[in-house]
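Numbering (the numbering used here), first residue to last: 498 to 736.
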């Protein structure tokens, strides 16, 4: 079984879903430390004047060491954050060819009745997996009760779920103990993602937007475009 492990980022980019489509099991690493204003509570979309951030406000004061699964949305401090957030999405993509195909499901996930950032992120990820036609089993690492630091933790997750292959991002070359994986009977593979060049609403092309950018512009053809079918891809390998 091929497993891949990734933090439950907010409205992830295409590389996340390219990893997921190659795997049998996607483990969302929700019990590691949260990083404010990274990709865990925000991401970028392509607006008329360039990439812009959409952000979920979160409570961090006095919670410097909280795990992703523990992070609460700051709806009290920003009571209309969803309206502002969705206004940016709508302004950026309402005129796109496939707005009506995906906007309802995405909006419903964003308006989920929860204060949990992880729950919203995972809900959005599942909407996007379905939109790309990616049939992968999804688990959260917090369900597995696995400990260990960095490389050891990832190996312990692979052991717990019975994976004999692990798909890592290329940055894993810097910290993974590949020999330990090999000794445990887990083959490590590294994911090299060449970003597809596709038609966006606005020029010039901006890579590494949230995956919604491709979906709103290409619709059902997004699955093939993600795989680089019928389009040029960038020579650079993205992490």
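Just so it is clear, CB atoms sit at the ideal spot from N, CA and C, and this is done for glycine as well.
| Asked | Found |
| --- | --- |
| Three-way DSSP call (helix, strand, coil) for residue 593 in this model | coil |
| Pick from 592, 731, 640 and 606 that is closest to residue 626, judged by C-alpha positions | 606 |
| C-beta atoms of residue 629 and residue 690 nearer than 8 Å | no |
| Residues that residue 500 bridges to, as DSSP identifies them | 522 and 663 |
| Delimiting residues of the beta strand (DSSP E) encompassing residue 532 | Residue 532 -> no beta strand (DSSP E), and no H or E assigned at all. |
| Chain-order list of residues whose beta-carbon lies under 7 Å from that of residue 685 (same chain, five-residue window excluded) | 663, 665, 673, 675 and 678 |
| CA-to-CA distance, residue 540 to residue 588, given in whole angstroms | 16 Å |
| Buried or exposed by the 16-neighbour rule on C-beta atoms within 10 Å, applied to residue 576 | exposed |
| First through last residue of the alpha helix (DSSP H) which encompasses residue 637 | Premise fails: residue 637 lies in the beta strand (DSSP E), 634 to 637, not in any alpha helix (DSSP H). |
| Residue nearest to residue 704 in terms of C-alpha spacing, selected from 548, 527, 642 and 533 | 548 |
| Three CB pairs or more closer than 8 Å across the stretch 610 to 626 and the stretch 645 to 659 | no |
| Collapsed DSSP secondary structure at residue 576 in the structure displayed | coil |
| Proximity winner among 697, 720, 572 and 732, relative to residue 517 (alpha-carbon distances) | 720 |
| Residue range of the unbroken alpha helix (DSSP H) whose run includes residue 649 | 647 to 658 |
| Neighbourhood of residue 682 by C-beta distance below 7 Å, restricted to the same chain and skipping five residues each side | 661 |
| Limits of the unbroken alpha helix (DSSP H) element including residue 643 | Careful: residue 643 lies outside any alpha helix (DSSP H) and carries neither H nor E. |
| Limits of the unbroken alpha helix (DSSP H) element including residue 616 | 614 to 628 |
| Cutoff 7 Å; reference residue 710; Cβ partners in own chain excluding five residues on either side | 542, 543 and 697 |
| Continuous beta strand (DSSP E) assignments of at least 3 residues falling wholly in the stretch 541 to 585 | 547 to 552 |
| Three-state secondary structure assigned by DSSP to residue 517 | helix |
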